[in-house]
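K.L.:
I'd like to ask some things about the structure below.
Number of protein chains: 2
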Amino acid sequence: MAVYTHLSAEDLAALIAQYDVGELVSAKGIAEGVSNSNWMVETTGQDGNGARFILTMYERRIELAELPFFLDLLDHLSSHGLPVPHTIHDRHGASWRMFDEDKAVALIEYLPGVSVDRPTPRQAYAVGASQAELHIAAQAFGKTREDRLNVLSNLSALENCSDELLRIDPRLADMIARGQRVHRDWPASLPETIIHSDLFPDNVLMLGDTVTGLIDFYFACHGAMAYDLAVTHAAWCFERDGSTFHPEIGSALLSGYQSVRPLEPREVMAMPILAQAACLRFVASRTQDWIETPPDAHVMRKDPMDFVRRWDVYAEMGDRLFA
Amino acid sequence: MAVYTHLSAEDLAALIAQYDVGELVSAKGIAEGVSNSNWMVETTGQDGNGARFILTMYERRIELAELPFFLDLLDHLSSHGLPVPHTIHDRHGASWRMFDEDKAVALIEYLPGVSVDRPTPRQAYAVGASQAELHIAAQAFGKTREDRLNVLSNLSALENCSDELLRIDPRLADMIARGQRVHRDWPASLPETIIHSDLFPDNVLMLGDTVTGLIDFYFACHGAMAYDLAVTHAAWCFERDGSTFHPEIGSALLSGYQSVRPLEPREVMAMPILAQAACLRFVASRTQDWIETPPDAHVMRKDPMDFVRRWDVYAEMGDRLFA
Numbered sequence: 001m002a003v004y005t006h007l008s009a010e011d012l013a014a015l016i017a018q019y020d021v022g023e024l025v026s027a028k029g030i031a032e033g034v035s036n037s038n039w040m041v042e043t044t045g046q047d048g049n050g051a052r053f054i055l056t057m058y059e060r061r062i063e064l065a066e067l068p069f070f071l072d073l074l075d076h077l078s079s080h081g082l083p084v085p086h087t088i089h090d091r092h093g094a095s096w097r098m099f100d101e102d103k104a105v106a107l108i109e110y111l112p113g114v115s116v117d118r119p120t121p122r123q124a125y126a127v128g129a130s131q132a133e134l135h136i137a138a139q140a141f142g143k144t145r146e147d148r149l150n151v152l153s154n155l156s157a158l159e160n161c162s163d164e165l166l167r168i169d170p171r172l173a174d175m176i177a178r179g180q181r182v183h184r185d186w187p188a189s190l191p192e193t194i195i196h197s198d199l200f201p202d203n204v205l206m207l208g209d210t211v212t213g214l215i216d217f218y219f220a221c222h223g224a225m226a227y228d229l230a231v232t233h234a235a236w237c238f239e240r241d242g243s244t245f246h247p248e249i250g251s252a253l254l255s256g257y258q259s260v261r262p263l264e265p266r267e268v269m270a271m272p273i274l275a276q277a278a279c280l281r282f283v284a285s286r287t288q289d290w291i292e293t294p295p296d297a298h299v300m301r302k303d304p305m306d307f308v309r310r311w312d313v314y315a316e317m318g319d320r321l322f323a
Numbered sequence: 324m325a326v327y328t329h330l331s332a333e334d335l336a337a338l339i340a341q342y343d344v345g346e347l348v349s350a351k352g353i354a355e356g357v358s359n360s361n362w363m364v365e366t367t368g369q370d371g372n373g374a375r376f377i378l379t380m381y382e383r384r385i386e387l388a389e390l391p392f393f394l395d396l397l398d399h400l401s402s403h404g405l406p407v408p409h410t411i412h413d414r415h416g417a418s419w420r421m422f423d424e425d426k427a428v429a430l431i432e433y434l435p436g437v438s439v440d441r442p443t444p445r446q447a448y449a450v451g452a453s454q455a456e457l458h459i460a461a462q463a464f465g466k467t468r469e470d471r472l473n474v475l476s477n478l479s480a481l482e483n484c485s486d487e488l489l490r491i492d493p494r495l496a497d498m499i500a501r502g503q504r505v506h507r508d509w510p511a512s513l514p515e516t517i518i519h520s521d522l523f524p525d526n527v528l529m530l531g532d533t534v535t536g537l538i539d540f541y542f543a544c545h546g547a548m549a550y551d552l553a554v555t556h557a558a559w560c561f562e563r564d565g566s567t568f569h570p571e572i573g574s575a576l577l578s579g580y581q582s583v584r585p586l587e588p589r590e591v592m593a594m595p596i597l598a599q600a601a602c603l604r605f606v607a608s609r610t611q612d613w614i615e616t617p618p619d620a621h622v623m624r625k626d627p628m629d630f631v632r633r634w635d636v637y638a639e640m641g642d643r644l645f646a
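These protein sequence lines are chains A and B, in that order. Position 195, counted from 1, in the first sequence is what the numbering used here calls 195; the numbers after and before it change by one each time, with no gaps. Count along the second sequence from 1, add 323, and you get the number used in the numbering used here.
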């Protein structure tokens with residue numbers, strides 16, 4: 001959540017001049033993005049009436065070779081009517097450009113809306129429906145990207161931290177055996193497409209009960225649609241620390257999804273394991289971050305136990321939650 | 324440069340409802356402000372045509388008792404035609420409100436423009452002229468606030484770090500004796516008013532050669548106008564690391580200032596010492612920050628030596644620079 005690179009007014013004006021969007025009026029670094037820097041940019045617009053954009057600079061993690069996948073996916077979904085920000089192409093027709101030789105930048109549509117913290121059932125229903133629409137539209141997307149955060153890699157990541165788990169929390173060490181069971185029970189074949197795989201409330205913009213933006217597709221990959229729904233379920237239906245499950249939000253999310261794309265029986269059966277796999281992923285990534293971030297680093301560390309508590313719920317009542 | 328407090332969509336909507344600005348459309352945390360959090364807020368506007376604001380949450384450092392000084396100063400300067408953002412008053416007429424019992428928030432006018440890194444002489448001239456206009460308009464402001472970062476307090480702050488100075492840089496230890504000379508030579512009486520006292524390029528918004536915004540008045544205090552100009556001179560007329568002085572920028576800044584408010588002879592004479600006092604201030608504050616910030620804190624530490632190099636220039640050629 002920071003701006004990693006300083007862009008001067010001169011840099012910004014030169015960049016904006018590469019696009020047919022009028023002249024630069026304002027630019028403010030925004031506190032979004034984990035591995036990239038973002039600016040809210042205002043220009044005079046093509047018609048002089050003003051226009052706003054998000055300028056993203058790719059700093060790390062995302063390799064240049066993958067940018068066409070991510071940016072073309074935005075354009076594909078946007079052109080299929082999803083509330084996904086499309087890219088602005090530069091005067092040469094390109095959706096991204098190099099800046100300073102080693103960093104890529106893209107100018108992206110600005111979408112209205114705010115992220116909700118405590119969704120209502122109507123909001124959860126709308127999110128479920130949007131996710132199903134996303135899954136259907138993504139089927140016609142011609143590119144693919146493998147899921148690097150699959151069950152096996154998440155399990156390995158957690159196993160690699162095994163010496164530290166007890167020190168973080170005694171209960172965390174049990175999660176390796178539990179993760180091994182998830183890996184063993186992972187269903188053989190489920191309907192797949194390109195999935196968002198990280199549709200937390202932060203990545204959904206809403207106005208009232210309407211989804212106005214699905215953003216941050218930088219974990220998008222090929223995967224099971226029901227797994228994507230399970231990630232969203234784990235992300236939306238609990239208190240932040242996982243202490244309380246909100247069944248009415250869970251039901252609304254599933255109903256909304258199925259109002260657009262009914263789950264197949266094999267998907268319904270798989271949901272409890274998929275939801276546990278989602279928990280494994282965030283327990284593993286948060287444990288790694290916890291170990292790598294010094295306690296005095298002025299950075300908020302996300303507690304892996306938040307997703308151990310969710311995992312408990314799915315392990316104990318999963319069959320009932322998704323029946 | 325961060326957002327310290329999480330504001331949910333629900334929090335934001337409830338806050339915005341206290342103002343006659345339409346409904347919330349968007350809010351993004353922006354990477355500005357050192358001791359406060361800021362959001363770029365968009366609403367439907369009073370007329371439905373959209374409006375933008377900066378929402379500031381005061382987290383630290385600024386005591387609540389001082390907020391009326393800072394916010395009334397914005398309104399005073401704005402009403403005198405300065406490009407200073409005015410506050411939006413809530414439905415009860417107040418320029419700030421409490422949030423969560425312990426934090427104050429203010430909704431502030433959004434101004435266009437971007438901060439320049441490498442000003443041209445024409446831009447420096449415009450900044451000088453704006454600063455002189457600010458000094459003249461501030462004379463009619465009825466409130467006051469003492470300068471807590473005066474020469475004596477800056478000198479004491481540096482002396483308190485004396486054990487660490489050699490470890491940071493051997494040359495830094497010499498700055499105590501030099502600071503004592505600045506304190507000794509500080510001119511007895513100079514024309515004073517409320518000054519900005521921190522008019523770095525970050526705090527000036529420009530479009531082309533026009534100053535469109537003077538922002539971040541949270542160091543504003545009673546002080547010598549020529550000292551304020553000296554701070555701006557030190558902030559604008561050097562390479563960032565202080566390695567190179569740009570005489571043409573310095574001349575343009577002084578000419579611009581004097582096109583609105585000619586300096587008195589005693590002010591011209593004092594400029595070399597005032598500029599050194601400005602360097603003392605930033606050497607002291609950066610040294611404190613350097614010592615207090617762990618090297619692995621993921622926070623960029625500003626090098627106090629950047630202002631030692633400026634100080635060298637003022638100590639050696641000050642008389643010629645301001646003649």
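Glycine included, C-beta positions come from ideal geometry on N, C-alpha and C. This structure is a prediction, so every number in the text was calculated from the model and none was measured.
Would you call proline 85 of chain A buried or exposed, if buried means 16 or more other Cβ atoms sit within 10 Å of its Cβ?
P.N.:
As a first step, residue 85 of chain A is located in the first sequence; it is residue number 85 there, counting from the start. So proline 85 of chain A counts as buried.
K.L.:
Does the count of Cβ pairs from the segment 115–124 of chain A and the segment 136–156 of chain A closer than 8 Å reach three?
P.N.:
no
K.L.:
Whole angstroms is fine: what's the gap from alanine 140 of chain A's alpha carbon to glycine 213 of chain A's?
P.N.:
Taking the first sequence and counting its residues from 1, one reaches residue 140 of chain A at position 140. Taking the first sequence and counting its residues from 1, one reaches residue 213 of chain A at position 213. Cα to Cα, the separation comes out at about 20 Å.
K.L.:
Is the beta carbon of proline 595 of chain B less than 7 Å from the beta carbon of tyrosine 637 of chain B?
P.N.:
Looking up residue 595 of chain B in the second sequence gives position 272. Looking up residue 637 of chain B in the second sequence gives position 314. Yes, the pair counts as a contact, with Cβ atoms nearer than the cut-off.
K.L.:
Since serine 331 of chain B meets chain A, which of its residues come closer than 9 Å, beta carbon to beta carbon?
P.N.:
As a first step, residue 331 of chain B must be located in the second sequence, where it is residue number 8. The answer, in chain order, is Val114, Ser115, Val116, Asp117 and Arg118.
K.L.:
To the nearest whole angstrom, what separates the beta carbons of phenylalanine 238 of chain A and threonine 232 of chain A, a pair I think is in contact under 8 Å?
P.N.:
On the first sequence, position 238 is the one that residue 238 of chain A refers to. On the first sequence, position 232 is the one that residue 232 of chain A refers to. No, phenylalanine 238 of chain A and threonine 232 of chain A are not in contact; Cβ-Cβ is about 12 Å, not under 8 Å.
K.L.:
Can you give, in chain order, each stretch of the alpha helix (DSSP H) that sits fully within the segment 86–143 of chain A and has at least 4 residues?
P.N.:
121–138
K.L.:
Spatial neighbours of aspartate 90 of chain A within its chain, please: C-beta separation below 8 Å, excluding the five flanking residues on both sides.
P.N.:
As a working mapping, residue 90 of chain A is identified with position 90 in the first sequence. Only Gln18, Tyr19, Arg97 and Leu107 meet the Cβ criterion.
K.L.:
Work out the CA separation of alanine 601 of chain B and valine 348 of chain B for me, nearest whole Å.
P.N.:
Sequence index remark: in the second sequence, residue 348 of chain B carries index 25 (1-based). Sequence index remark: in the second sequence, residue 601 of chain B carries index 278 (1-based). Those two C-alpha atoms are separated by around 42 Å.
K.L.:
So what's glycine 345 of chain B in DSSP terms, helix, strand or just coil?
P.N.:
Within the second sequence, the letter at position 22 stands for residue 345 of chain B. Looking at glycine 345 of chain B - three-state DSSP - the assignment turns out to be coil, as it is neither helix nor strand.
K.L.:
What are the boundary residues of the beta strand (DSSP E) that tyrosine 58 of chain A is part of?
P.N.:
As a working note, residue 58 of chain A is residue 58 in the first sequence. Counting along the chain, the beta strand (DSSP E) containing tyrosine 58 of chain A begins and ends at 51–58.
K.L.:
Assuming leucine 522 of chain B and alanine 558 of chain B are in contact, meaning their beta carbons sit under 8 Å apart, how far apart are those beta carbons, in whole angstroms?
P.N.:
Here residue 522 of chain B is taken as the residue at index 199 of the second sequence, counted from 1. Here residue 558 of chain B is taken as the residue at index 235 of the second sequence, counted from 1. The Cβ separation is near 7 Å, so the contact holds.
K.L.:
Give the DSSP bridge partners of cysteine 602 of chain B, in chain order.
P.N.:
Stepping through the second sequence from its first residue, residue 602 of chain B is reached at position 279. None; cysteine 602 of chain B has no bridge partner.
K.L.:
Which residues mark the beginning and the end of the alpha helix (DSSP H) in which asparagine 477 of chain B is found?
P.N.:
The residue given as residue 477 of chain B occupies position 154 in the second sequence. Here the alpha helix (DSSP H) through asparagine 477 of chain B covers 474–483.
K.L.:
On a CA-only basis, which of A:Leu64, A:Thr287 and A:Ala226 is nearest leucine 134 of chain A? Give me that one, please.
P.N.:
For the purposes of this step, residue 134 of chain A is taken as residue 134 along the first sequence, with counting starting at 1. With respect to the C-alpha of leucine 134 of chain A, the residue from A:Leu64, A:Thr287 and A:Ala226 having the closest C-alpha is A:Ala226.
K.L.:
Is the Cβ of methionine 548 of chain B closer than 7 Å to any Cβ of chain A?
P.N.:
Here the question's residue 548 of chain B lines up with position 225 in the second sequence. Output row for methionine 548 of chain B: interface = no.
K.L.:
Along the alpha helix (DSSP H) that carries histidine 183 of chain A, what are the first and last residues, could you check?
P.N.:
Numbered from its first residue, the first sequence carries residue 183 of chain A at position 183. First-last of the alpha helix (DSSP H) with histidine 183 of chain A: 175–185.
K.L.:
Comparing alpha-carbon positions, which option in B:Val527, B:Ser485, B:Ile518 and B:Gln369 lies nearest alanine 455 of chain B?
P.N.:
Walking along the second sequence from the start, residue 455 of chain B turns up at place 132. Ranking B:Val527, B:Ser485, B:Ile518 and B:Gln369 by Cα distance to alanine 455 of chain B puts B:Ile518 first.
K.L.:
If you draw a straight line from the C-alpha of methionine 380 of chain B to the C-alpha of arginine 52 of chain A, how long is it?
P.N.:
As a working mapping, residue 380 of chain B is identified with position 57 in the second sequence. As a working mapping, residue 52 of chain A is identified with position 52 in the first sequence. Approximately 24 Å between the Cα atoms of the pair.
K.L.:
Reducing DSSP to helix, strand and coil, say where valine 84 of chain A ends up.
P.N.:
For this step, residue 84 of chain A is matched to residue 84 along the first sequence. Valine 84 of chain A: coil per DSSP, three-state reduction.
K.L.:
Going by alpha carbons, who is nearest to tryptophan 146 of chain A out of A:Val116, A:Val211, A:Val204 and A:Glu66?
P.N.:
The residue you call residue 146 of chain A lines up with position 146 of the first sequence. For the record, residue 146 of chain A in the displayed sequence is glutamate; it is not tryptophan. Closest option to glutamate 146 of chain A, Cα to Cα, is A:Glu66.
K.L.:
Which value, in whole angstroms, describes the spacing of the CA atoms of histidine 6 of chain A and glycine 93 of chain A?
P.N.:
As a first step, residue 6 of chain A is located in the first sequence; it is residue number 6 there, counting from the start. As a first step, residue 93 of chain A is located in the first sequence; it is residue number 93 there, counting from the start. Each residue's Cα considered, the two are about 26 Å apart.
K.L.:
Go ahead and pull the three-state DSSP assignment for glycine 573 of chain B.
P.N.:
Taking the first residue of the second sequence as position 1, residue 573 of chain B is located at position 250. Correct three-state label for glycine 573 of chain B: helix.
K.L.:
In chain B, which residues lie less than 9 Å from glycine 29 of chain A when you measure between Cβ atoms?
P.N.:
Counting from 1 along the first sequence, the entry for residue 29 of chain A is found at position 29. Within chain B, the residues near glycine 29 of chain A are Met324, Ile353, Ala354 and Glu355.
K.L.:
Consult DSSP for glutamate 192 of chain A and reduce its assignment to one of helix, strand or coil.
P.N.:
Counted from its first residue, the first sequence places residue 192 of chain A at position 192. DSSP places glutamate 192 of chain A in strand when its eight states are reduced to three.
K.L.:
Starting from threonine 210 of chain A, trace the beta strand (DSSP E) in both directions and tell me its first and last residue.
P.N.:
Taking the first residue of the first sequence as position 1, residue 210 of chain A is located at position 210. Element bounds for threonine 210 of chain A: 210–214.
K.L.:
Under 8 Å between beta-carbons, which chain B residues line up against leucine 12 of chain A? List them in chain order, please.
P.N.:
Your numbering for residue 12 of chain A matches position 12 in the first sequence. Simply Val437.
K.L.:
Can you pull out the residues from the segment 363–382 of chain B whose beta carbon lies closer than 8 Å to at least one beta carbon of chain A?
P.N.:
Met363 and Glu365
K.L.:
Does the beta carbon of isoleucine 176 of chain A fall short of 6 Å from some heavy atom of the ligand GTP?
P.N.:
Among the components of this structure there are no ligands whatsoever, and the ligand GTP is therefore not found.
K.L.:
Under 7 Å, Cβ to Cβ, is there at least one residue of chain B near valine 25 of chain A?
P.N.:
Within the first sequence, the letter at position 25 stands for residue 25 of chain A. At a cut-off of 7 Å between beta carbons, valine 25 of chain A contacts chain B.
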